[in-house]
Structure formats: structure tokens, C-alpha cells
Amino acid sequence: MLTNMRFWFLVRINYHLPNINFFMENFIKKEKQLVFPNFFLFLPKSEKKLNMLYMNHKNRGMFLEKIINNTIEFYCANGIGIFHKKNLDISFKAVSKDLAVNDAFIFKKSTVDYYGIYKGIFVAFEAKSTNENVLNLKQIPEHQLSYLQKIREHFGCAFFIIFFKQLEKFYIVSIDKINLSWKSIPVAFLQKEGFEIPLTYPGIIDFIGYIDQMI
């Protein structure tokens, strides 16, 4: 049963993703089995849109984070790259014996949502969601923009992954393409200067191939 599901997953990747050659080289030619994190649900073949399955989640604001977390766990489990979700730097002032936090504060501002290593290159990116057809740059704090720019200055890879809820589409765009004097980033701009990332079974957005084009 599991073998059939893995085969179907590869077929789905072949249908959706532009970087299928990466998977062919690493997992088929080398006869290496894919490792799926425990939270992946193996669903039977269906013509239903996968994104609608996830969009029914009660907390729609957590949708993009959940999908990216699924994706980076898949990458780490299969030796494709190492990526981590960066948590807020919090200082705990008072913690009870039962480990309940009674007093805490944010120690310093977070840089970006995610960071990692891919092909020996440091990668940092920020994930944003919007209900509009544009992303207001006010949603991105100045210190985050500055951090991503510095990563590029030191030859790292820095980009945004943006989810447009109404369109149900994901885009990836390099920090180099963003004009910081703009008030917003329209989806029409991303269609020309960025890349759309399909949501594929079992709930990942495979952005590795797009990083290859940016480094």
C-alpha cells in the first residue's frame, strides 16, 4: 500500500513541478525511498483540489506556516537541505514548578521566519499571507527587509514566499527583485519576476528548484 502511494506521489510531482529532474536523480535513479514526516496524510487518488482540503482548517492564518513546515521537514528527512523555523527570542522571568509561564517578554526582534543551508549556501526567507491581490510592504518590518538584503550582500540566498488566500496561489520572489520604495507587491509583478509554486501531494510547496534558479 505504501509503495503504491509513494509511486502516486512521484506521478503527482511529475505532473505539477518544474524541477522533477531533481527528484528523478535523487530518488528514482538512486533507488532511494522517500521519507514522509508522520503528519503527512496518505490520501487515496481523488480529483478534489488538495488546497481546498487544507484551506478548511479552522485557523486560516496558520495555513502558510503549516505548509512550509511540512515542506522543510520533508527536505530534512530526505537529505535535500536543512531548514528551520526561527522562533521568537523570549526571556522567561517566572516559571512555576509545573512549568507554567507566569511572566515572559520578547528579548529581541526576530529576523526572518526561516533559515537553513542548501548546497553549502545560507538561505533565509520570510513567509507572508494576504487576503488581497497585493502584499502591503507594511506587513514586512524594516529590520526584516534589511536582514534579507544583508544576506544577499554576503552571497546568501534571500527571498519571500507569499500566499494569496483569495487566489489560492503561492509565489516565491528574490529580495533582489523587490523595490523597497513601493507601497505594495502586486501579484501581477510576481507573475513576471517571481515563480508560482504549486501545492502538491501530500501538502508541500516544493521551492528547492526555484532556489536553484536564484543562486
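Take the sequence shown: its letter number 147 is residue 147 in full-length UniProt numbering, and every next letter is one higher.
All C-beta atoms in this analysis are idealised placements derived from N, C-alpha and C, irrespective of residue type, glycine included.
Can you give me the Cβ contacts of residue i inside the same chain, cut-off strictly under 8 Å, excluding the 5 residues immediately before and after it?
| i | result |
| --- | --- |
| V187 | N133, V134, F164, L167, K169, Y171 |
| K192 | none |
| N69 | K85 |
CB residue i to CB residue j, shorter than 8 Å?
| i | j | result |
| --- | --- | --- |
| I208 | C157 | no |
| I185 | I197 | no |
| E126 | F83 | no |
| I80 | Y114 | no |
| W182 | L145 | no |
| S129 | L180 | no |
| G194 | I67 | no |
| L190 | I151 | no |
Which class does residue i belong to by DSSP, given the choice of helix, strand or coil?
| i | result |
| --- | --- |
| L64 | helix |
| E132 | coil |
| E126 | strand |
| K165 | coil |
| I72 | helix |
| I211 | helix |
| I175 | helix |
| K85 | strand |
The beta strand (DSSP E) spanning residue i covers which residue range?
| i | result |
| --- | --- |
| Y114 | 114–118 |
| F195 | 195–197 |
| P202 | Run containing P202: none; DSSP gives neither H nor E here. |
| I185 | 184–186 |
For residue i, count the other beta carbons within 10 Å of its own beta carbon; 16 or more makes it buried, fewer makes it exposed. Which is it?
| i | result |
| --- | --- |
| M214 | buried |
| L148 | buried |
| M55 | At M55, the pLDDT of 48 sits below 50, so the modelled position is not reliable; the number obtained from the coordinates is stated separately. When all chains shown are included, M55 counts as exposed. |
| F155 | exposed |
| G120 | exposed |
| L199 | buried |
| Y201 | buried |
| V101 | Only weak support is given to the placement of V101: the predicted model assigns it a pLDDT of 46, under 50, and the value that follows is read from those uncertain coordinates. Result: exposed. |
Near residue i, which residues of its chain fall below 7 Å by C-beta distance, leaving aside the five closest residues on each side in sequence?
| i | result |
| --- | --- |
| V112 | K86, A124, F125, E126, Q144, Y147, L148 |
| N131 | K165, Q166 |
| C76 | I82, F83 |
Ends of the alpha helix (DSSP H) at residue i?
| i | result |
| --- | --- |
| H143 | 142–153 |
Taking 7 Å as the cut-off, does the CB of residue i come closer than this to any heavy atom belonging to the ligand ATP?
| i | result |
| --- | --- |
| I215 | In the structure shown, the ligand ATP is absent, as is every other ligand, since no ligand is present at all. |
Using C-beta distances below 6 Å, list every residue in its chain close to residue i, excluding the 5 sequence neighbours before and after it, in chain order.
| i | result |
| --- | --- |
| residue 253 | Nothing can be reported for residue 253: it is not among the residues displayed for the chain, which extend from 1 to 215. |
| F74 | I204 |
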